[in-house]
Amino acid sequence: MKDPHRRKAEDLFENAWRRRLERPVRTLPTEAAARIAAHVGSRRRSPLSRWIPLAAAAALALAVGTTLLRDPGPPPLPPAAGVPGDLPLGEGEILLWLDTSTPLYMTFQPPAAAPSPEEKS
Amino acid sequence: MSPVCTFRSQKDTLHTVDANDRTLILLAQQGDVDAFSALVERHWVYFVKFARSMVGEAEAEDVVQEGLITAWKKLPGLKAPEAYVAWALRILSRTCFRRSRRRRPTAPLASAADLPDERNEERMEAIDVEGILAALPPRQRAVMHLTVMEGMSDSQIGAALGISAAGARSNRRRAREALLRLLSDSRGGWQ
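Same order as they appear, the protein sequences are chains A and B. Using our numbering, the first residue of the first sequence is number 1, and each one after it goes up by one. Using our numbering, the first residue of the second sequence is number 122, and each one after it goes up by one.
Take a look at the structure:
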């Protein structure tokens, strides 16, 4: 059986607790509701609101992708120092850089004239 | 055998969601601020009482406001409007857990208990209810409030706090033991 003093203290505490909770609220429900509505109203959510960030991200990704595809790429690399990349090119010569230190000179010549029928015989 | 502190609920009915609430919740989920405002008004006092048990009188209303603003942001994710109260309590309890600071009771219960019965009003005012509750871990405090003040079942408490029914039982048992110790300490011993 429970100690009557203990039971008395428990009852006393529980009643005091309930009494504290029953005290009137400092902010009336109408005032609280208006305050919270003002707060959330300034951040009013529309049904589309959650799609807006997604649409913005997609548009940005599309713009970046399009720009990258149209970009001709970086300008050709300049010849490295000490490589004879600036030698004057002769007629029919072209210079290709295989990498920054490897030039490739190519010479184009017109095809030789076709032999005459007499020469063939 | 450990002593058991048997708190009884004086509530007959639980705080629930009615048809009007349901309509307001559905509108608020579509972004209707006025509907949410009406919902806040209907449940304000109930939530403030919970917060008073959790964080004390001084901070209770601020905490409820913070919790309800969070609830507004998460409202579209609420699947069943009938679960609004338990769902909002869960958000509010998390807000309270962040604010909760444990402390020892500052005024002894002895002075109150020793006063004669005819001075009952004075006795209850003398009890440091907030101090005694604040000495409990926040989850135990929440379980005790929902048990003693709201008369909720273990499964209802579990739903409101995001724990199992067994977890609610376990928290309540520990809370009762702790309260008994606190009451005994402040009484200066019962024997």
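The beta-carbon is built from N, C-alpha and C at its ideal position, and this holds for glycine as well. Since the model is a prediction, treat every value here as computed from it, not as a measurement.
Whether Trp-17/A touches Val-250/B by CB criterion (7 angstroms): A contact, by the Cβ cut-off of 7 angstroms.
Short Cβ contact (7 angstroms threshold) for Leu-128/A with Pro-88/A: The question about residue 128/A has no answer here: the residues shown for chain A are numbered 1 through 121.
Neighbour flag for Pro-29/A against chain B, beta carbons, 7 angstroms: For Pro-29/A, the answer is yes, since a Cβ of chain B falls inside 7 angstroms of its Cβ.
Glu-145/B and Ala-159/B closer than 7 angstroms at C-beta: Here residue 145/B turns out to be Leu, not Glu, going by the sequence shown. At a Cβ-Cβ threshold of 7 angstroms, Leu-145/B and Ala-159/B count as neighbours.
Any C-beta of chain A under 7 angstroms from that of Leu-304/B: Closer than 7 angstroms to some Cβ of chain A, the Cβ of Leu-304/B qualifies, so yes.
Chain-ordered residues of the stretch 180–198 of chain B with a beta carbon less than 7 angstroms from chain A: So the list reads Glu-182, Gln-186, Leu-189, Ile-190, Trp-193, given in the order they occur along the chain.
Reference Tyr-205/B, options Glu-182/B, Val-176/B, Gly-252/B, Ala-149/B, closest by Cα: The shortest Cα separation from Tyr-205/B among Glu-182/B, Val-176/B, Gly-252/B, Ala-149/B belongs to Ala-149/B.
Segment contact, 8 angstroms Cβ cut-off, at least three pairs: the stretch 276–284 of chain B with the stretch 208–218 of chain B: Under the 8 angstroms Cβ criterion, the stretch 276–284 of chain B counts as touching the stretch 208–218 of chain B, having at least three qualifying pairs.
7 angstroms Cβ cutoff met for Phe-218/B and Trp-193/B: No, they are not a contact pair.
Which residues DSSP lists as bridging Trp-97/A, in chain order: Answer by DSSP bridge pairing, in chain order: Pro-103/A.
DSSP-derived helix/strand/coil call for His-5/A: Assigned with DSSP and collapsed to three states, His-5/A falls in helix.
Cβ-Cβ separation, Arg-293/B to Leu-265/B (assumed contact under 8 angstroms), whole Å: What sits at residue 265/B in the sequence shown is Met, not Leu. Confirmed, about 7 angstroms.
Contact with chain B by Ile-36/A, beta-carbon distance below 7 angstroms: Yes, Ile-36/A counts as interfacial toward chain B.
Cα-Cα separation between Pro-259/B and Leu-199/B, rounded to whole angstroms: Across the structure, Pro-259/B and Leu-199/B are spaced so that their CA atoms are roughly 25 angstroms apart.
8 angstroms Cβ cut-off: residues of chain A touching Ser-158/B: Ordered by position in chain A, the residues that pass the 8 angstroms Cβ test against Ser-158/B are Ala-33, Ala-34, Ile-36, Ala-37.
Reduced DSSP category for Gly-177/B - H, G, I as helix; E, B as strand; rest coil: In the structure shown, Gly-177/B sits in coil (DSSP, three-state: anything other than H, G, I, E or B).
Member of Phe-13/A, Pro-111/A, Glu-91/A, Met-106/A whose CA lies at the smallest distance from the CA of Ala-247/B: Ala-247/B has its Cα closest to that of Phe-13/A, out of Phe-13/A, Pro-111/A, Glu-91/A, Met-106/A.
Residue from Glu-22/A, Met-106/A, Leu-21/A with nearest C-alpha to Leu-123/A: Residue 123/A cannot be examined here, being either before or after the span of chain A that is shown, 1 to 121.
Through-space distance from Arg-295/B to Ala-34/A, alpha-carbon basis: Approximately 40 angstroms between the Cα atoms of the pair.
Cβ-Cβ separation, Thr-27/A to Glu-182/B (assumed contact under 8 angstroms), whole Å: Here Glu-182/B really is in contact with Thr-27/A; their C-beta atoms are around 5 angstroms apart, less than 8 angstroms.
Cβ-based contacts, 8 angstroms cut-off: residues of the stretch 260–293 of chain B near chain A: Residues Val-269, Met-270.
Residue closest to Val-154/B, alpha-carbon to alpha-carbon, out of Glu-31/A, Ala-32/A, Ile-36/A: Nearest C-alpha to Val-154/B: Ile-36/A.
Cα-Cα separation between Gly-188/B and Arg-70/A, rounded to whole angstroms: A straight line joining the alpha-carbon of Gly-188/B with that of Arg-70/A spans about 50 angstroms.
Partners in chain B for Val-40/A, counting only beta-carbon separations shorter than 7 angstroms: Per Cβ cutoff of 7 angstroms: Val-154, Phe-157, Ile-190, Trp-193.
Boundaries of the alpha helix (DSSP H) in which His-136/B is found, first to last residue: Secondary structure note for His-136/B: it is in no alpha helix (DSSP H), with a DSSP letter that is neither H nor E.
Neighbour flag for Ala-55/A against chain B, beta carbons, 7 angstroms: Using beta-carbon distances, Ala-55/A does not count as an interface residue toward chain B, since no partner is under 7 angstroms.
Reference Asn-141/B, options Leu-254/B, Glu-203/B, Phe-168/B, closest by Cα: Closest in C-alpha terms to Asn-141/B, from the list Leu-254/B, Glu-203/B, Phe-168/B, comes Glu-203/B.
Other residues of its chain near Tyr-167/B: CB distance less than 6 angstroms, five sequence neighbours each side excluded: Only residues of its own chain outside the window of five on either side were considered, and among them His-136 have a CB closer than 6 angstroms to the CB of Tyr-167/B, listed in chain order.
Contacts of Ser-214/B in chain A (Cβ-Cβ under 8 angstroms): None at all; the shortest Cβ gap to chain A is about 16 angstroms.
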